[in-house]
Amino acid sequence: MAIKNRAMEQEVAMANSILSKMISKNGLILAGFAAICVGLIAFTYFITRDTIASEMQAALARTLNQLVPQNEYDNDVHHDCTLVQSVELLGSNETVHAYRMRKNGQPVAVVLESVAPNGYSGKIHLVVGIYADGQLAGVRVSEHKETPGLGDKIDANKSDWILSFSEKSLTSPTIEQWKVKKDGGAFDAFTGATITPRAVVEQVAKTLQFYQQQKDVLFNGPQNCASVISTSRQQ
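Numbered continuously in our numbering, the sequence shown closes out at residue 309.
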C-alpha cells in the first residue's frame, strides 16, 4: 500500500511539474505577444505621427478658412494662437484656443472655441469667427450629440441655419434680440426642437461678449497654444 501511495504521489508531482512548465511557457508566449503588439503600436505611431500632424493642420486650415477666407490674412495662423478661459462666457472651465488672423501686422479676426453647455443632449462645441470690428465672420459646430433629424440641423451639412450668424454682431441685432423667435428674439428655431438652437444662439452671443471684453488680450496675448482645434468631428 505504501509503495502504491508513493507511486501516486510521484505521478501527482510529475503532473504538477508539467502543468507548471506549461503555464510558465504560455505566460512567456503571452508576454512576448504583448511586447510585440506594444512595439508595433509604437512603431506605427512613430512612422505616422508626421502624417497625422499634417492632416490635423490641414483640417484646422479648412475649418478656419470656412470662417475667414484665406486671402483676408497673411500671418501663420496655426502658430499665432493664444489660450483663454471663461466659464461664464465661453462655457468651459478649461482653456480654449483663440486663433488670430492678421494682415500686414494688423488685426483682422479671431477664431474662438466655445461651448454651449445646455444643448438638448449635452454640450455643443462651437468654433466662432469674429472680425476685429466685432462682426461675426461665421460659426460652425465642431461636436454635438443632438437628435438626428431635429437638433442636428445646427450642423452645416444638415441645413444652412448655422450660416445665418454671418455678419451679425451685438448691435445687429441688439443684445436683447439674441434669442430664438419663440423667446421674443431675432433667430429662427427648428420645428420640434427649440432647445438646441436656443443654446447655440445664447452661446454665440456670450462669445461675442467675451470678444468685446477681451479684444486686446485676444490679439496681444502670448502665443502659447500646445495643440490645435479639435477637428476630428468637424461638421
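Don't be surprised by glycine CBs; every beta carbon is placed ideally from N, CA and C.
Check whether the Cβ atoms of residue i and residue j sit closer than 8 Å, and answer yes or no.
i: LEU200; j: VAL274; result: yes
i: LYS280; j: LEU141; result: no
i: HIS171; j: ILE198; result: no
i: SER195; j: GLN277; result: no
i: GLN297; j: HIS153; result: yes
i: TRP235; j: ASP257; result: no
i: THR270; j: GLY212; result: no
i: LEU316; j: GLY266; result: Nothing about residue 316 can be reported from this structure: the residues present for the chain run from 75 to 309 only.
Tell me, please, which residues DSSP counts as bridged to residue i.
i: CYS155; result: TYR173
i: ILE110; result: For ILE110, which the question treats as bridged, DSSP gives no partner whatsoever.
i: PHE261; result: VAL254
i: SER166; result: SER160
So the beta strand (DSSP E) residue i belongs to, where does it begin and stop?
i: LEU210; result: 210-217
i: ALA183; result: 180-193
i: VAL142; result: It is not in any beta strand (DSSP E) - VAL142 carries neither H nor E in the DSSP assignment.
i: GLY223; result: Segment: none, GLY223 is in no beta strand (DSSP E) and carries neither H nor E.
i: LYS197; result: 196-205
When the Cα of residue i is compared with those of the options, which residue comes out closest?
i: LEU210; options: GLY225, ARG176, GLN159, VAL185; result: VAL185
i: GLN54; options: CYS155, ASP234, TYR205; result: The structure shown does not extend to residue 54, since the chain is modelled only from 75 through 309, so no value can be given for it.
i: VAL30; options: GLN180, GLU168, SER238; result: A query on residue 30 cannot be resolved here, the shown segment of the chain reaching from 75 to 309 and no further.
i: LEU17; options: THR248, GLU168, LYS177; result: Residue 17 falls outside the range modelled here, since the chain spans only 75 to 309, and no answer is possible.
i: TYR173; options: LEU138, GLN180, GLY179; result: LEU138
i: ASP148; options: ARG176, SER166, GLN159; result: ARG176
By the 10 Å Cβ neighbour count, where 16 or more other Cβ atoms means buried, how is residue i classified, buried or exposed?
i: LYS242; result: buried
i: PRO191; result: exposed
i: VAL161; result: exposed
i: ASP207; result: exposed
i: TYR119; result: Its pLDDT being 46, under 50, TYR119 is placed unreliably by the model, and nothing is read from it.
Quick check on the DSSP output: the alpha helix (DSSP H) that includes residue i runs from which residue to which?
i: VAL275; result: 269-294
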